[in-house]
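K.L.:
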DNA sequence: TCCCGGTGGAAAATCGATTCATTTTCCCTC
DNA sequence: GAGGGAAAATGAATCGATTTTCCACCGGGA
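Protein chains in written order, with this note's numbering: chain A, 7 to 356; chain B, 7 to 356.
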């Protein structure tokens, strides 16, 4: 005996068949219409659209994904969502994605490689079309999982030798040179650097660019004045404390990111040092907060919007143009100094 | 003539058939094993699991969703991802969700009703199993779209008369009473309130609780001292400026959220007022930053972790226990004062 | 010897779309 | 009016799982 035909429950959502029936066309035509195929006449297209409106029909993306192989979902993995840099980045990435009909899957690794592996797995299970890995380092192990399955990825500050991988490089050098130049012009000679964790490629690049800028300004690097911190507020406080232990102290501190700089501001305050009169501080990122610290932070701007757009474009290129062997796979994002009030002439120059 | 059978491309991902073949069982058994059916013996189950491992098989969630009707995706809609309160909330929500095998879809409305509608639509298209609407107001129009299609939702601070909707209420009253009490104990009598935008239910609740606390402390409310701001840094600055225009000024300011309070800190600094000596400031939320402002902010803590967990539990209850007519549909999250250094005795009391 | 309950298998229906191969429609020309 | 060819619309296979139905097998009890 044939299986009993299932009656449709009353509250059933309209599917493509319902639309086809309502518009008196085949389901193939409905599908074509929705996908903007040129093979549908104006007249029919209109009729189908009306039926869609009338029924308040939403296509089932899962069914769509199953057959087409594309999910129209992009993943974005960030290092730490509690660092304001990243929400701003996610926001821009989301806007770019949604504008082109992509959905995004966000996750944050907190610099834990295990979490990163889990993220990659989650992305794979949901069949993302591409992943922006915005962790600025530590990403090696995860790459294979994704690229081996043919998922395009884009990395920040890290080149991978895989045709499916693109890279976004930051031109820190320009911004950092401007910062050093700014300090030198104010009269500073003793400049310290609070670096980020060495596990991050970006932290190392920033530090190297700082060294280069110091050298090209003809300034000597005091050995104790480059300290590895962890890019957090607490880390900035700790870094300052460490700097403060030594007898000779810098008159200016450049930090690997804004959070560190804000930590320094806090620590300096606790030690009774006035910024910028007793100490100049420069950050890097220019998060929204930087304008509202006390005093407002002089910092090197790294645009989240630019970075997000570059990441999205890199993925889109891989997706739309994957045949092309001469695909652009490297992108550059620039930086520049924003002068506010945390920098001034050093005390000695008064 | 039948369509030509398609050969499998070499690099094909393993599917359930491949696993079945590798484990020498039927696909039904593989499915049963993965879904923890009791009809599979220990022995076989182990064999299947091994095959899954060996092939590095990942089930296709889209295929699964299509037939089962459940996507195991939860949506979370926040007001503004650039306010650090929300990333911290998302982080906790994500952890809870991922721990139970759910994926999450994040989006941020920026208080724009049109964006909210788009978000709802995106969630619907992706067939989310439930949505946490953490916008603290403005949500009416969107509700129908979701609940009408049977998607459970949980709202912050807003009750809806729908069996699919749950609510999380914040007990601001306790924290705000503590704050007023703290100020009164320090000697303050003149206390202003920088409210949030009246479009937000939470902002109105907070304001009302402030009024109530003032009254129960026997303090008079100065008419010009309740000002509507917008919960941003800039808004805090503007609010302070407005307060400052009048001849009589408060000795303490309570703010509807931390961002506003941080804006006030900044504005006070620009006007040469020292906090807390000249002016006491209290925030609400206790975002991570609050500990690192200058001076560290006294604030009313509203735990993101508690809120996220409540939101997740509310949805899970709706999902797992949807038959139950006596479902818990209201949850309460508490608040409490955290005293740091932005409050002290008023100048006159010195 | 027959039957029975408990396991697991094989096969088919289903979910809701896309898309290929095919048929139908329509228009133009001779 | 027939024939040809492009354009428009259709039918059916397909994606990868879940789930149901029916069946086979095995050991044990009556």
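Backbone N, C-alpha and C define an ideal beta-carbon position, used for all residues, glycine too.
Could you spell out where the beta strand (DSSP E) holding residue 201 of chain B opens and where it closes?
P.N.:
197-201
K.L.:
What residues of chain B sit near residue 100 of chain A, judged by a beta carbon separation below 9 angstroms?
P.N.:
87, 112, 113 and 114
K.L.:
Is residue 12 of chain B buried or exposed, if buried means 16 or more other CB atoms sit within 10 Å of its CB?
P.N.:
The pLDDT assigned to residue 12 of chain B is 36, lower than 50, so where the model puts this residue is not dependable; a value taken from the coordinates is nonetheless given after this. Its Cβ having fewer than 16 others within 10 Å, residue 12 of chain B is exposed.
K.L.:
Using the C-alpha atoms, what's the distance from residue 92 of chain B back to residue 171 of chain A?
P.N.:
Our two residues, residue 171 of chain A and residue 92 of chain B, have alpha carbons roughly 31 angstroms apart in a direct line.
K.L.:
Does the beta-carbon of residue 191 of chain A have 16 or more other beta-carbons within 10 angstroms, so that it is buried, or is it exposed?
P.N.:
exposed
K.L.:
By a C-beta neighbour count over all protein chains shown, 10 Å radius and 16 as the cutoff for buried, is residue 221 of chain A buried or exposed?
P.N.:
exposed
K.L.:
If you drop the 5 nearest sequence neighbours on each side, which residues of the same chain put their C-beta closer than 7 angstroms to that of residue 248 of chain B?
P.N.:
Excluding positions up to five away in sequence, the list reads 233.
K.L.:
Less than 7 angstroms between CB atoms is the rule here; does residue 275 of chain A satisfy it with respect to chain B?
P.N.:
yes
K.L.:
Chain A partners of residue 237 of chain B, CB-CB under 9 angstroms?
P.N.:
Here the premise fails: no neighbours, minimum Cβ distance about 14 angstroms.
K.L.:
Return the CA-CA distance between residue 260 of chain A and residue 239 of chain B, expressed in angstroms with no decimal places.
P.N.:
25 angstroms
K.L.:
Go ahead and label residue 97 of chain B buried or exposed: buried means 16 or more other beta carbons lie within 10 angstroms of its beta carbon, across all protein chains shown.
P.N.:
buried
K.L.:
Which bits of chain B does residue 56 of chain A rub up against, with CB to CB less than 8 angstroms?
P.N.:
Counting only Cβ-Cβ distances below 8 angstroms, residue 56 of chain A has no contacts in chain B at all, with the closest Cβ about 19 angstroms away.
K.L.:
Could you pull the DSSP bridge partners for residue 307 of chain A from this structure?
P.N.:
A/291 and A/342
K.L.:
Check distances from the C-beta atoms of the stretch 292-315 of chain B to those of chain A and list, in chain order, the residues that come in under 9 angstroms.
P.N.:
294, 295, 297, 298, 299, 300, 301 and 302
K.L.:
Mind pulling the chain A residues with CB within less than 9 angstroms of residue 269 of chain B?
P.N.:
Ordered by position in chain A, the residues that pass the 9 angstroms Cβ test against residue 269 of chain B are 298.
K.L.:
What are the boundary residues of the alpha helix (DSSP H) that includes residue 96 of chain B?
P.N.:
91-105
K.L.:
If we cut at 7 angstroms on Cβ distances, does residue 158 of chain B have a partner in chain A?
P.N.:
no
K.L.:
Quick one: which chain A residues come within Cβ less than 9 angstroms of residue 77 of chain B?
P.N.:
68
K.L.:
Along chain B, which residues have their Cβ under 7 angstroms away from the Cβ of residue 97 of chain A?
P.N.:
87, 88 and 114
K.L.:
Here's a check: name, in chain order, each residue in its chain whose Cβ is nearer than 7 angstroms to the Cβ of residue 45 of chain A, leaving out the five neighbours to either side.
P.N.:
Result list for residue 45 of chain A: 38, in chain order.
K.L.:
Between which two residues does the beta strand (DSSP E) harbouring residue 160 of chain A extend?
P.N.:
Annotation: the continuous beta strand (DSSP E) that includes residue 160 of chain A extends over 159-162.
K.L.:
Kindly list, in the order they appear in chain B, the residues whose Cβ is closer than 8 angstroms to that of residue 93 of chain A.
P.N.:
Against residue 93 of chain A, the close residues of chain B are 87, 88, 90, 92 and 93, in the order they occur along the chain (beta-carbon pairs closer than 8 angstroms).
K.L.:
Here's a check: name, in chain order, each residue in its chain whose Cβ is nearer than 8 angstroms to the Cβ of residue 327 of chain B, leaving out the five neighbours to either side.
P.N.:
333
K.L.:
Using the beta-carbon of each residue, which ones in chain A are nearer than 8 angstroms to residue 64 of chain B?
P.N.:
127, 130 and 131
K.L.:
In chain order, what residues of the same chain have a beta carbon less than 8 angstroms from the beta carbon of residue 272 of chain B, not counting five sequence neighbours either side?
P.N.:
239, 242 and 243
K.L.:
Give the C-beta separation of residue 286 of chain A and residue 341 of chain A to the nearest angstrom, bearing in mind that I take them to be a contact with Cβ-Cβ under 8 angstroms.
P.N.:
Contact flag wrong, Cβ pair sits at about 19 angstroms.
K.L.:
Which whole-angstrom value describes the C-beta separation of residue 84 of chain A and residue 173 of chain A, a residue pair presumed to lie in contact below a C-beta threshold of 8 angstroms?
P.N.:
The Cβ separation is near 17 angstroms, so there is no contact.
K.L.:
How about residue 49 of chain B: is its C-beta nearer than 7 angstroms to some C-beta of chain A?
P.N.:
no
K.L.:
Under 7 angstroms, do residue 215 of chain A and residue 179 of chain A count as touching if we go by C-beta distance?
P.N.:
At the C-beta level, residue 215 of chain A and residue 179 of chain A come within 7 angstroms of one another.
K.L.:
Would you verify that the beta carbon of residue 72 of chain B is, or is not, closer than 7 angstroms to some beta carbon of chain A?
P.N.:
yes
K.L.:
Do residue 133 of chain A and residue 77 of chain A have their C-beta atoms within less than 7 angstroms of each other?
P.N.:
For residue 133 of chain A and residue 77 of chain A, yes; Cβs fall inside 7 angstroms.
K.L.:
When you compare the CB of residue 346 of chain A with every CB in chain B, is at least one pair closer than 7 angstroms?
P.N.:
no
K.L.:
Answer with yes or no whether the minimum CB distance from residue 272 of chain B to chain A is below 7 angstroms.
P.N.:
yes
K.L.:
Can you have a look at residue 253 of chain A and say buried or exposed, based on whether 16 or more other CB atoms are within 10 angstroms of its CB?
P.N.:
exposed
K.L.:
So residue 87 of chain B and residue 100 of chain B are supposed to be a Cβ contact under 8 angstroms. How far apart are they, rounded?
P.N.:
In this structure residue 87 of chain B is not in contact with residue 100 of chain B, their Cβ atoms being roughly 13 angstroms apart against a cut-off of 8 angstroms.
K.L.:
Helix, strand or coil, according to DSSP, for residue 87 of chain A in the structure here?
P.N.:
Coil.
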